[in-house]
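Undergrad:
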Amino acid sequence: MAQNLYGPGVRMGNWNEDIYLEEELMKDFLEKRGKGQLLIQRNRRLKENLLRPMQLSVSEDGYVHCGDKVMLVNPAHAEVGAHLFLGGDLSLCATPDEIKAHLSDELEVPCGLSAAQTRIPVGRNTFTILRADGNATGQVLRYGQDFCLATTGGFEDKMLYLSSDHRTLQKSSKRSLLQEAYLTDEVSYLSCWQATFLDPQLRLEYEGAPVPANAKILIYHCRTNRGLAVHRHLFLSTYFGKEAEVAVHTHLDSHRVEKPSNHWMLVTGNPRKDSSTMLDLPKPLAEAPPALEQATDPGAQ
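Just so you know, we're using our numbering here: the sequence shown kicks off at 16 and counts up by one.
#1: Using the beta-carbon count (16 or more within 10 Å), is ALA303 buried or exposed?
#2: What three-state label does DSSP hand GLN194 in the structure shown?
#3: Nearest by alpha-carbon distance to GLY102: which of LEU156, ASN285, VAL88, LYS115 is it?
#4: Could you name the residues that DSSP lists as bridge partners for ILE232?
#5: Answer with buried or exposed for ALA259, where buried requires no fewer than 16 other C-beta atoms within 10 angstroms of its C-beta.
#6: Entirely within the segment 227–273 and at least 3 residues each: give me those beta strand (DSSP E) ranges in chain order.
#7: Could you please give the first and the last residue of the uninterrupted alpha helix (DSSP H) stretch that includes ASN58?
#8: In terms of residue numbering, what span does the beta strand (DSSP E) encompassing LEU205 cover?
#9: Starting from LEU36, trace the beta strand (DSSP E) both ways and give me its first and last residue.
#10: DSSP puts VAL88 in a beta bridge; with which residues?
#11: Note down the Cα distance separating LEU128 from VAL282, rounded to an integer number of angstroms.
#12: According to DSSP, what are the bridge partners of HIS80?
#13: If contact is defined by three or more beta carbon pairs under 8 Å, each pair taking one atom from either stretch, is the segment 186–201 in contact with the segment 259–269?
#14: When the Cα atoms are used, what is the spatial distance from SER188 to GLU220?
#15: Below 7 Å between beta carbons: does that hold for GLY163 and ARG139?
Take a look at the structure:
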């Protein structure tokens, strides 16, 4: 089959039209590049904002306060068949749709969520604790108190709120098809949460007590009364790689106690080092084993 091997340079056919078309395409390309509207430029700005290093708030009294910047971390725990699970500490992250992320330099709403294996505070996993009424910044957060969790995603003029609503046929989590957790720019009762004490037998006694920082708690959605959860066995292929699904569902064991997938820590900053968290502090030395204690005790003969 014959092919057209001629180009505009041989001056045959519509060569003049082809030259003008190439000049218009180049002019359009240079104009978009000058304004920063190329897809690769917009994509790079979005990624830079989401991965921008952030500074967490430092807790001086050991408690969490309204207005503090924290990371929501699901602590590592042992799982049966660990090779099928995403291990380690997982932090709650803003996760834009992969297609939308290539077409825009801003976070589109509603924005998805996931849990990633990162312990470094960046734009996508740093959240600000806000009171539901938006006032009293600096007050201690207490068990049973309504509050909001908001993130800027690394942007300066954008605030997205962690929200959820009842599951429907059109709206549910991607893998488990349970109640969905997402980020939106509207503040409503759908974005209200409560911190709950971990031990159900002491839950009533701790109602109204201050919420400690860097300790395991439960985070319940006010409207649906379901807990924020991480599904380590359900993977999502995100813009940043393989991450775990986040949903709003209370997982109970045979004793009606919440499973580790519902456990969260409000992680604060490390006062000893910038851009670090309390998770980076060395753990205290374990107690000496009984055999070593007997060997070092002169009276144990």
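Using N, Cα and C, we set each Cβ at its ideal position, and we do this for glycine too.
Fair warning: this is a prediction, and the values are worked out from it, not measured in the lab.
TA: On the basis of the supplied data:
#1: With a pLDDT of only 41 at ALA303, under the threshold of 50, the placement of this residue in the model should not be trusted; the figure read from the coordinates follows. ALA303 is exposed by the Cβ-count criterion.
#2: GLN194: strand per DSSP, three-state reduction.
#3: Out of LEU156, ASN285, VAL88, LYS115, VAL88 has the C-alpha closest to the C-alpha of GLY102.
#4: TRP279.
#5: Using a 10 angstroms sphere on the CB of ALA259, the tally of other CB atoms reaches 16 or more, which defines it as buried.
#6: Correct list: 231–236, 243–253, 256–263.
#7: For ASN58, the enclosing alpha helix (DSSP H) begins and ends at 54–65.
#8: No beta strand (DSSP E) contains LEU205, which DSSP labels as neither H nor E.
#9: In the DSSP assignment, LEU36 falls outside any beta strand (DSSP E) and within the unbroken alpha helix (DSSP H) covering 30–50.
#10: DSSP output for VAL88 lists SER106, MET280 as bridge partner(s).
#11: Using only the alpha carbons, I get a separation of about 18 Å.
#12: BP columns for HIS80 point to VAL155.
#13: The segment 259–269 makes contact with the segment 186–201, as at least three CB pairs between them are under 8 Å.
#14: Going from the Cα of SER188 to the Cα of GLU220 covers about 34 Å.
#15: Here the sequence assigns Cys to residue 163, which means Gly is not the residue at that position. For CYS163 and ARG139, no; Cβs fall outside 7 Å.
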